[in-house]
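A short worksheet on the structure shown next.
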Amino acid sequence: MKGINLKEVCRQIKFHGKRSLIWSRTDEFHYITNRHWMLRFSDSHLPREVLVLLFSVFAMIPEPRKALVANFGDVTEKEAINIQPIYTSLGTAKPGNITPFSKDHDVLRMRIIQSGSDFIYLDEEYVKMVDLNEEAACTGKVSSVFFLNGAVVILPYRNTSGNEILLADLIADQVSR
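With the UniProt record's numbering, letter number 11 in the sequence shown gets 11, and the count goes up by one each step, no holes.
Put into structure tokens, the structure is as follows:
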């Protein structure tokens, strides 16, 4: 799928499949989430590499309108997750860009997304799942950030310690070069 880094998607699925991962299915789409990011693939465009990895985690494929939940090796079947509320804000989202800047905090590296005058902090490892040239659709500083028309959704970090004036100057300087 254009704009998605399948190698990184597979790395995330493999990593989170050992911890906590949900694979939910509707009649048309597969949704994969670790509760911090979510991927959406149409039923006919689920990449083979992704399907193989999901099968290695869950050892089955969910039926339509069902979900499989992996939690530290235990797999349970549940009703499909109601995904629609996540996408209600997509229609009012404002464009944003992945900046070349990141912020380190302890062991976490956050990639900075700029949307107008807002700076949004996303886990660098999650952002690697999309092409860095992709435009983000932003709904607020602490709300879901959408990529590829909602095919990838990442929740931001709440950050109150950033020097946003300095960051705005750095980005303005980078753009003027």
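Note that beta-carbon positions come from the ideal geometry of N, C-alpha and C, so glycine has one too. Just so it is clear, the structure is predicted and the values come from calculations on it, not from any experiment.
Does residue i come out as helix, strand or coil in the three-state DSSP assignment?
| i | result |
| --- | --- |
| residue 15 | helix |
| residue 133 | coil |
Between the beta-carbon of residue i and the beta-carbon of residue j, is there less than 7 Å?
| i | j | result |
| --- | --- | --- |
| residue 128 | residue 28 | no |
| residue 130 | residue 152 | yes |
| residue 50 | residue 70 | no |
| residue 115 | residue 94 | yes |
| residue 113 | residue 96 | yes |
| residue 13 | residue 67 | no |
| residue 64 | residue 25 | yes |
Tell me which same chain residues have a C-beta within less than 6 Å of the C-beta of residue i, skipping the five on either side of it?
| i | result |
| --- | --- |
| residue 89 | 139 |
| residue 83 | 31 |
Does residue i pass the burial test, meaning 16 or more other C-beta atoms within 10 Å, or should it be called exposed?
| i | result |
| --- | --- |
| residue 53 | buried |
| residue 110 | buried |
| residue 33 | buried |
| residue 59 | exposed |
| residue 132 | exposed |
Taking the beta strand (DSSP E) that residue i falls in, what are its first and last residues?
| i | result |
| --- | --- |
| residue 56 | Counting along the chain, residue 56 falls outside any beta strand (DSSP E), though it belongs to the alpha helix (DSSP H) covering 48-58. |
Along the chain, where does the alpha helix (DSSP H) containing residue i start, and where does it finish?
| i | result |
| --- | --- |
| residue 87 | 84-87 |
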